[in-house]
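Residue numbers for the sequence shown, in the numbering used here: 3 to 168.
Following: one structure in C-alpha cells, then a few remarks.
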Amino acid sequence: MVFSLTRADGHLISTDPARLDLELVHHWLSTDAYWALGRDRAVTDRAFAGSLPFGVYRPEDGRQVAVARVVTDGATFAWLCDVYVDRATRGRGLGGWLVGAARDHLAELGVLRILLITNDAHQVYAREGFTPLDVPERWMILDRRPPVTPVTGKEQSGGTPLTVEA
C-alpha cells in the first residue's frame, strides 16, 4: 500500500515507486552524495527496487526534489539510507520532514528500531528523535566496499590514498 503525505505548502511525500525519477536520483547520488559517489546506475536501480522509497515532489509541477529509501522487514527493523535533498531546495525543512514522515510511517507498521549512518547531518536526525548508539561496542559491521576517494567516488588504485583537507 502506498503511503503519502502532503505538507501545508503543497509538497508531497509518496512511497509510490512509479513516481520516482530514478535518473535524477542516480544523478544526485552518484555525483553529489559523499556515500554514493560514482555509484553505477544499475546499483541504484537494484537498491531502490529492494527498498521502500520515499520521494518528495514539489507542488507546482510534481518534480522530485528529495529522496530517501528504507531497507526493512516491515515488522521489527529498518535502515534509513540515501537521504538526499536537491541543493536548490535545501534550507526549507524538507529533509527533516522527509525523515520524520519515514519514521512515523515505519512506526505505523510496527517497526520500532531504525538505524542510519551520517557524516554531516546529525542535527537533522536528532531533531527527528535519532540518538547516537547507547552501546556502540555491541554493534558489528562487515564492510566489503573497496576504498574510494572522497572526491571522485572511484576505487583507489594502489599507492597513497587521495585525501581532502578542510
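Even glycine gets a Cβ: it sits at the ideal position worked out from N, Cα and C.
Kindly provide the ranges of any beta strand (DSSP E) runs that are 3 or more residues long and lie completely inside the stretch 21-59, ordered along the chain.
Here the runs fully enclosed are 54-59.
I want to know whether the stretch 15-23 touches the stretch 52-63 - three or more CB-CB distances under 8 Å.
Touching, yes, given that three or more Cβ pairs across the two stretches are closer than 8 Å.
Here's a check: name, in chain order, each residue in its chain whose Cβ is nearer than 8 Å to the Cβ of His-13, leaving out the five neighbours to either side.
Taking the sequence shown and counting its residues from 1, the one referred to as residue 13 is at position 11. Excluding sequence neighbours, His-13 sits near Val-58, Tyr-59, Arg-60, Pro-61, Val-67, Leu-96 and Trp-99.
For Thr-8, which residues of its own chain have a beta-carbon under 7 Å away from its beta-carbon, when the five flanking residues on both sides are left out?
Translated into the one-based positions of the sequence shown, residue 8 becomes position 6. Closer than 7 Å at Cβ, skipping near neighbours: Leu-14.
Kindly list the residues whose CB is nearer than 6 Å to the CB of Thr-165, restricted to its own chain and excluding five residues on each side of it in sequence; keep chain order.
Here residue 165 is taken as the residue at index 163 of the sequence shown, counted from 1. Confidence at Thr-165 is low in this model, with a pLDDT of 47, below 50, so the placement of that residue should be treated as unreliable; the coordinate-derived value is given next. The answer is none, since no qualifying residue turns up.
Return helix, strand or coil for Thr-165, following the three-state DSSP convention.
Counted from its first residue, the sequence shown places residue 165 at position 163. Below a pLDDT of 50, predicted positions are generally treated as unreliable, and Thr-165, at 47, falls in that range; the measurement from the model is reported next regardless. Three-state DSSP puts Thr-165 in coil, outside helix and strand.
May I ask which residues mark the beginning and end of the alpha helix (DSSP H) holding Val-126?
For the purposes of this step, residue 126 is taken as residue 124 along the sequence shown, with counting starting at 1. Note, Val-126: alpha helix (DSSP H), 124-129.
By Cβ distance below 8 Å, which residues in the same chain neighbour Ala-168 in space, the five residues on each side in sequence not counted?
Walking along the sequence shown from the start, residue 168 turns up at place 166. Because Ala-168 carries a pLDDT of 47, less than 50, the predicted location of this residue cannot be relied on, and no value is offered for it.
Please name the residue or residues paired with Thr-216 in a DSSP beta bridge.
Residue 216 falls outside the range modelled here, since the chain spans only 3 to 168, and no answer is possible.
Can you name the start and end residues of the alpha helix (DSSP H) that Ala-90 belongs to?
By 1-based counting over the sequence shown, the position of residue 90 is 88. Looking at the DSSP string, Ala-90 is not in any alpha helix (DSSP H), and its letter there is neither H nor E.
Keeping to the same chain, check which residues put their C-beta closer than 7 Å to that of Gly-102; ignore five residues upstream and five downstream.
Position 100 of the sequence shown, counting from 1, holds the residue named residue 102. Here the set comprises Glu-130.
Does the beta-carbon distance from Gly-76 to Leu-117 come in below 8 Å?
Taking the sequence shown and counting its residues from 1, the one referred to as residue 76 is at position 74. Taking the sequence shown and counting its residues from 1, the one referred to as residue 117 is at position 115. For Gly-76 and Leu-117, no; Cβs fall outside 8 Å.
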